[in-house]
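Chains as they are written, first to last, in numbering that gives the first Met the number 0: chain R, 0 to 580; chain U, 0 to 115. Beta carbons: idealized from backbone N, C-alpha and C, even for Gly. What you are looking at is a predicted structure, and each value in this text was computed from that prediction instead of being measured. Worksheet: one structure, shown below.
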Amino acid sequence: MQETILHIDLTTGTARRERRPELFDRFLGGTTLGTELLWQYAPPEVDPLGEQSALIFVTGPFSSVFPVATKTVALFKSPLNGELGETHAGGRLAMALRDAAIDALVITGKSPSPTFLSIENHEVTFSSARTVWGQSALASERILREYAAPDGRKGSVVRIGPAGERLAPLACATVDGGRHFGRLGLGAVMGSKNLKAFLVSGTGGPPIIHRGEHRQVYDAIYDRVVASNDMKKYHDLGTAGNILPLNAIGGLPTRNFSQGFFEGAQALSGEAFAEHYLVQHMACAHCPCGCIHMAALREPFAPFHYRTTKIPYDYELIYALGTLLSLSSPPEVLSLVDVVEKEGWDAMGMGTALAWASEAFVSGVVGLRETEGLPLRFGDGGGYLQAMHRIRKGEGEFFRDLERGVAFCAAKYGGEAFAIHFGGVGAPGYLTGENALLTYLMGVRHSHLDDPGYGTDQKLLGKSLSLEEQVGAAVKDAQWRMVTNSLVTCLFARGIYDEEMVLAGLGALGLSWDGEKLKRMGEEALRRKYAYKIACGADPRRGKIPEKIFSGTTATGPVDRGRMELRRELYARMVGLPEEV
Amino acid sequence: MYACSRTFAGMATTNRAALRVRAYTGVEGAFSLRTCLRCPEPDCAAACPSGALKKVEGGGVRLDKERCLSCGACVQACVIRALQWNADDRRPIPCVHCGTCARYCPNGVLALEEEA
Numbered sequence: 000m001q002e003t004i005l006h007i008d009l010t011t012g013t014a015r016r017e018r019r020p021e022l023f024d025r026f027l028g029g030t031t032l033g034t035e036l037l038w039q040y041a042p043p044e045v046d047p048l049g050e051q052s053a054l055i056f057v058t059g060p061f062s063s064v065f066p067v068a069t070k071t072v073a074l075f076k077s078p079l080n081g082e083l084g085e086t087h088a089g090g091r092l093a094m095a096l097r098d099a100a101i102d103a104l105v106i107t108g109k110s111p112s113p114t115f116l117s118i119e120n121h122e123v124t125f126s127s128a129r130t131v132w133g134q135s136a137l138a139s140e141r142i143l144r145e146y147a148a149p150d151g152r153k154g155s156v157v158r159i160g161p162a163g164e165r166l167a168p169l170a171c172a173t174v175d176g177g178r179h180f181g182r183l184g185l186g187a188v189m190g191s192k193n194l195k196a197f198l199v200s201g202t203g204g205p206p207i208i209h210r211g212e213h214r215q216v217y218d219a220i221y222d223r224v225v226a227s228n229d230m231k232k233y234h235d236l237g238t239a240g241n242i243l244p245l246n247a248i249g250g251l252p253t254r255n256f257s258q259g260f261f262e263g264a265q266a267l268s269g270e271a272f273a274e275h276y277l278v279q280h281m282a283c284a285h286c287p288c289g290c291i292h293m294a295a296l297r298e299p300f301a302p303f304h305y306r307t308t309k310i311p312y313d314y315e316l317i318y319a320l321g322t323l324l325s326l327s328s329p330p331e332v333l334s335l336v337d338v339v340e341k342e343g344w345d346a347m348g349m350g351t352a353l354a355w356a357s358e359a360f361v362s363g364v365v366g367l368r369e370t371e372g373l374p375l376r377f378g379d380g381g382g383y384l385q386a387m388h389r390i391r392k393g394e395g396e397f398f399r400d401l402e403r404g405v406a407f408c409a410a411k412y413g414g415e416a417f418a419i420h421f422g423g424v425g426a427p428g429y430l431t432g433e434n435a436l437l438t439y440l441m442g443v444r445h446s447h448l449d450d451p452g453y454g455t456d457q458k459l460l461g462k463s464l465s466l467e468e469q470v471g472a473a474v475k476d477a478q479w480r481m482v483t484n485s486l487v488t489c490l491f492a493r494g495i496y497d498e499e500m501v502l503a504g505l506g507a508l509g510l511s512w513d514g515e516k517l518k519r520m521g522e523e524a525l526r527r528k529y530a531y532k533i534a535c536g537a538d539p540r541r542g543k544i545p546e547k548i549f550s551g552t553t554a555t556g557p558v559d560r561g562r563m564e565l566r567r568e569l570y571a572r573m574v575g576l577p578e579e580v
Numbered sequence: 000m001y002a003c004s005r006t007f008a009g010m011a012t013t014n015r016a017a018l019r020v021r022a023y024t025g026v027e028g029a030f031s032l033r034t035c036l037r038c039p040e041p042d043c044a045a046a047c048p049s050g051a052l053k054k055v056e057g058g059g060v061r062l063d064k065e066r067c068l069s070c071g072a073c074v075q076a077c078v079i080r081a082l083q084w085n086a087d088d089r090r091p092i093p094c095v096h097c098g099t100c101a102r103y104c105p106n107g108v109l110a111l112e113e114e115a
């Protein structure tokens, strides 16, 4: 039974525990409960980087209890686009929160000086982070883990890199090894609170009351994760396995969304990475799949001297820092990923900003005057590395601006037609067609994970569906994802956690839900998020599609303006958005 | 570790497991499995001042909870840090070699083997 919210006020350096069983009864946890807490603690009118803003982290009833329920949901007001900030991360955080009997964590206020928090069970220690301020996201973890637990005992470390300290809207927070609260600028919110990191550990764990029933459901899920094909692809090649299939249908965004075919895709494929660079798989705590892929990059730094770095890779990274920039050399892509990891940036945000900058440079929207002599060219990996170092060091106004994201840069310098963002968020990596674009436009997080749009596009290559069927599938699934994101299961297991499995799991935990009640909760949760967005002045019905998208093509053909508007209207109606005023 | 805690303590955690997967810090880290080796002459049992922890027939050790003084000498004596500690009741968690962890090891890294 979940009920405990731990409130931490950084201004006063105090923490208090609150029991709210009725909230968990009604909203389960994760995204649905988090949205209610967002309304309460970071309402639409707050300054995202002000003392009044809040960071909210929530687990769900399945966290630690069933396999692949590994995610923690974070909610905040986004400093990137000024509206709903939501991002999910795995690692060990959900496990650690449950071990500590913390079901939701609400961090408010602002510390007077750099601080990190050690949360053990319900005890919170506030420590000076002056010595770790300025350290990379990777070094910060090593330092703090050793400081907090010299025996290396488990627990979770959530921290920002220097980007978050600079309040860069593209800053993420990194969770344990290679997991991130990646998008929408959570790292900047931590930085604005002078919060370098928080560590969570606990000595307990949720009791399993109905052991026989639990085991039956547990084993059914476990066996499907491990022994069926539902999740095999995520373990074997990982999401990088998508590079070749997407390229084959013309859906792999290349050179700032100029086309969906990348001539260098073979070299960047999951198969090529596995054969030449993959050295290790890793898993989030309590995930028997293990989708995290680590590459080793061996680079000379002096004659006969080499440094070997392990760097995580997946489809999104290869898209954002590879195909989008026309880079086809894995070492070049991995070098960029390494800087992004250390600095603590959102990789997709940085990739889309650099892609816009490259097109702005080649089209004359910006020139050597703005870039202070550094040409930005598609395919020039060394140039991008230099650009990242300039951003990191704050060298030049143009480079300082790039970490504010593509929307900000286009508004300031021009080139809005080819600024590939939706709702202020650099686009995800699927140029499959109108369904994917509709997801980016209307999805509550402007994420490809909001609904199955890019999957629907790919289905259309084999069969025909009416517009109503296509949009209906998106909305229905977006609503269902509100349920699974409240439990909180990983979206990679979405095929396993269908309604039947979810109800069996809830039943085994003694929680009485039925299909209709879950459905209503999902519908309402989605509307609550849209209401928050609209109250922030971000009505998704008025979001723009970048002009460039209309002049190119996608895996399912050119994008039609009229049809996109129709899709948007249908989506809004099916979700039940309030009438426009 | 989840499987072990779940099965023997009825808790959804890794905190009650009789084995440990030691993970070294950072994405660059490695893993090291620490499971009871069924030592022919167990250091943990030898270190127990009250005779609560004893070697058993067939390998491994068993704990007589009534006699345990919660001194922690056994855990300290296990150099490979395989013997785990229950922080709540302040007693060691000796492995019973049941194989539950192997049942839930997705990659077959853990296996229960009969000794020749």
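Contact between R:Gly-160 and R:Val-199 is absent: CB atoms are separated by about 19 Å, not below the 8 Å threshold.
Annotation: R:Cys-290 to R:Thr-488 spans about 14 Å, alpha carbon to alpha carbon. R:His-447 sits away from R:Phe-421, with the two beta carbons spaced by 8 Å or more. By the Cβ-count criterion, R:Asp-513 is exposed, with fewer than 16 other Cβ atoms from all chains shown falling within 10 Å of its own Cβ. About 5 Å separates the CB atoms of R:Glu-85 and R:Leu-74; that is less than 8 Å, so the two are in contact. One Cα belongs to R:Leu-79, the other to R:Phe-256, and the distance between them is close to 21 Å. Relative to the Cα of U:Gly-9, the nearest Cα in the group R:Ala-472, R:Glu-164 and R:Val-64 belongs to R:Val-64. Residue burial is scored here from C-beta neighbours: R:Lys-532 has at least 16 other C-beta atoms within 10 angstroms and is therefore classed as buried.
Nearest neighbour of R:Arg-297 by Cα position, chosen from R:Ile-310, R:Gly-452 and R:Phe-26, turns out to be R:Ile-310. For R:Val-225, the closest Cβ of chain U is nearer than 8 Å. Each of R:Arg-540, R:Thr-552, R:Gly-575 and R:Gly-556 was checked against the Cα of R:Arg-519, and the nearest Cα belongs to R:Gly-575.
In the three-state reduction of the DSSP assignment, R:Leu-296 falls in the strand class.
For the 8 Å CB-CB criterion, U:Ala-72 and U:Ala-46 form a contact. Taking C-alpha positions only, R:Met-189 is separated from R:Phe-180 by approximately 11 Å. Using a Cβ-Cβ cut-off of 7 Å, R:Val-487 is close to nothing in chain U; its nearest Cβ partner there is about 14 Å away. Between R:Lys-109 and R:Leu-5, the gap from beta carbon to beta carbon reaches 8 Å or more.
Under a 10 Å Cβ-count criterion, R:Leu-375 is classified as buried, with 16 or more other Cβ atoms of the shown protein chains found around its own Cβ. Per the coordinates, the alpha-carbon of R:Gly-413 lies some 30 Å from the alpha-carbon of R:Gly-452.
Within chain U, the C-beta atoms nearer than 7 Å to that of R:Ser-63 come from Ala-11 and Thr-12, in chain order.
For the region 59–86 of chain U, the set of positions with a beta-carbon nearer than 7 Å to some beta-carbon of chain R reads Ala-86 in chain order.
Residue pairing by DSSP puts R:Glu-17 in a beta bridge opposite R:Ile-4.
The beta carbon of U:Arg-5 sits closer than 8 Å to some beta carbon of chain R. Taken through DSSP and simplified to helix, strand or coil, R:Glu-85 comes out as strand. Under the Cβ distance rule, R:Tyr-221 counts among the residues neighbouring chain U, one pair being separated by less than 8 Å. For a cut-off of 8 Å, the C-beta gap from R:Ala-187 to R:Ala-167 is around 6 Å, short enough to register as a contact.
CA-to-CA, the gap between U:Val-60 and U:Glu-40 works out to about 10 Å. For R:Thr-238, none of the residues of chain U pass the 9 Å Cβ criterion, the least Cβ distance being about 17 Å. Around R:Gly-509, the same chain offers Ile-208 and His-209 as residues with beta carbons nearer than 7 Å, after the five sequence neighbours per side are excluded. For the region 99–110 of chain U, residues whose beta-carbon sits nearer than 7 Å to a beta-carbon of chain R comprise Tyr-103 and Pro-105.
The continuous alpha helix (DSSP H) containing U:Ala-44 extends over residues 42–46. Rounded to the nearest whole angstrom, the CA to CA distance from R:Cys-286 to R:Val-105 is 26 Å.
Contacts with chain U at 8 Å (Cβ-Cβ) do not include R:Ile-101. Separation of R:Leu-169 and R:Gly-163 (C-alpha to C-alpha, rounded to the nearest whole angstrom) is 8 Å.
Just so you know, the alpha carbons of R:Leu-466 and R:Glu-499 end up roughly 28 Å apart.
Annotation for R:Gln-51: no beta strand (DSSP E) segment contains it, and DSSP assigns it neither H nor E. Chain U places a beta carbon closer than 8 Å to that of R:Thr-202, counting this residue as a contact.
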